[in-house]
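Just so you know, the numbering used here puts 222 at position 222 of the sequence shown, and the rest follows in order with no gaps.
Even for Gly, the Cβ is constructed at its ideal location relative to N, Cα and C.
Computed from a predicted model, the values in this text were never measured in an experiment.
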Amino acid sequence: MTSSNNNRIIAIWLFICCATIYFMVVLGGATRLTGSGLSMVEWAPIMGVIPPMTHAEWLEAFQLYQQYPEYKIKNPDMTLSGFQFIFWFEYSHRLLGRFIGILFFFPMVFFFIKGWVKSSLKPKLIAMFILGGLQGLLGWYMVKSGLVDNPHVSQYRLVAHLGLAVFVYAYILWIALDLFYEQKTPSTKTFNAGGLKRYASFLGIFTFIVLLSGGFVAGLKAGHTYNTFPLMDGKWIPDGLFTIQPVWLNFFENITTVQFDHRVLATLLFLAVIIFYIKAMRRKPPAQLKVVLHLMLAMLLVQVSLGISTLLLHVPVALASSHQAGALILLTLILLATHHIRRL
1 MTSSNNNRII AIWLFICCAT IYFMVVLGGA TRLTGSGLSM VEWAPIMGVI PPMTHAEWLE
61 AFQLYQQYPE YKIKNPDMTL SGFQFIFWFE YSHRLLGRFI GILFFFPMVF FFIKGWVKSS
121 LKPKLIAMFI LGGLQGLLGW YMVKSGLVDN PHVSQYRLVA HLGLAVFVYA YILWIALDLF
181 YEQKTPSTKT FNAGGLKRYA SFLGIFTFIV LLSGGFVAGL KAGHTYNTFP LMDGKWIPDG
241 LFTIQPVWLN FFENITTVQF DHRVLATLLF LAVIIFYIKA MRRKPPAQLK VVLHLMLAML
301 LVQVSLGIST LLLHVPVALA SSHQAGALIL LTLILLATHH IRRL
């Protein structure tokens, strides 16, 4: 088999890994939104694969959960069936994480043994695997922050967990695109990519930053306040933005400031994507890039609608999960557009 065919197979495998990571991020968001993240109070990478099977085992798991502050402070009236509901969310999230590890590790070893992986790609694949392992550890580190007297997961650890997941997703996607489109350059005589390459790269980074700001909104449950749009408590700039000292802490710990920041950053991103779309379309892009640009614009409008609806309706689980899923889709389309433009 030729090197080009090998790279294409590896690229398809990486695309599949990206798809599973995408669902992992969405499931993680749903786990948080349903208050399920602290239902499994132990980290058992091997034995944790097997869930409670009998009534006695379920009672044992529930009794273990009852020893921790979340049950005592937030859920003292929870029944066994209620515990099972939140348990299955967290269990599914952890199980999918293990599945992704297997999905990545064994094919990687196979490709190494077969000699299909070129030398420049080997350290990148190894880095992906290491980052995936660190992500699992970071997830448990995040959960531990809520197994204390105050049963509230640290927003810093939550954003770190989310940020690393999105970074790994974007990194794998980019490498997969490099392999898939190797030696294939779009033919165009009219498109001038000058200037757009840096703008597109900036847009990807800025989207990542906005996504992280959304993580702080989620971590502080800031979406449950100021449920009006576009004003906050009847004002464009609400009171109480800088009530915490030192001032910089307001950007990470003040609910009002965190929500205000996300609104401002999201608005700036909306304008930046619109400008990018107009600039690119004026240069008569090739057909494939044009499709990606149209999808990007459509997803931008959907994402804004989801964000506003989530806020106005006081963060219903389905809408909030869709908003998080939409953020990752928008980032994906921006990365696709960026990669295509950089090949021109």
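Shortest Cα-Cα distance from residue 89 to any of 298, 35, 315 involves 35.
For the options 143, 340, 81, 99, the alpha carbon positioned closest to that of residue 192 is the one of 340. For residue 205, the enclosing alpha helix (DSSP H) stretches over residues 196-219. Note: residue 235 is bridge-paired with 232 in the DSSP secondary-structure output. Contact between residue 40 and residue 99 does not hold, since the beta-carbon distance rounds to 16 Å and is not under 8 Å. Of all C-beta pairs linking the stretch 325-340 to the stretch 300-308, three or more are shorter than 8 Å, placing the two stretches in contact.
Proximity of the stretch 126-143 to the stretch 52-64 falls short of the contact definition, fewer than three beta-carbon pairs being nearer than 8 Å. Note that the C-beta distance between residue 206 and residue 252 is not below 8 Å. Cβ atoms of residue 13 and residue 107 come within 8 Å of each other, at about 5 Å. Between the stretch 152-167 and the stretch 114-123, the count of Cβ pairs shorter than 8 Å is below three; the stretches do not touch.
Comparing alpha-carbon positions, the option among 272, 213, 3, 160 lying closest to residue 200 turns out to be 272. Distance check between residue 232 and each of 220, 244, 258, 213 places 258 closest, using alpha-carbon atoms only.
Excluding sequence positions up to five before and after residue 270, its CB lies within less than 8 Å of the CB of 300, 304, all in the same chain and listed in chain order. With the rule of 3 Cβ pairs closer than 8 Å, the stretch 274-284 does not count as touching the stretch 217-227. Taking C-beta atoms as the reference points, residue 132 and residue 104 count as a pair closer than 8 Å.
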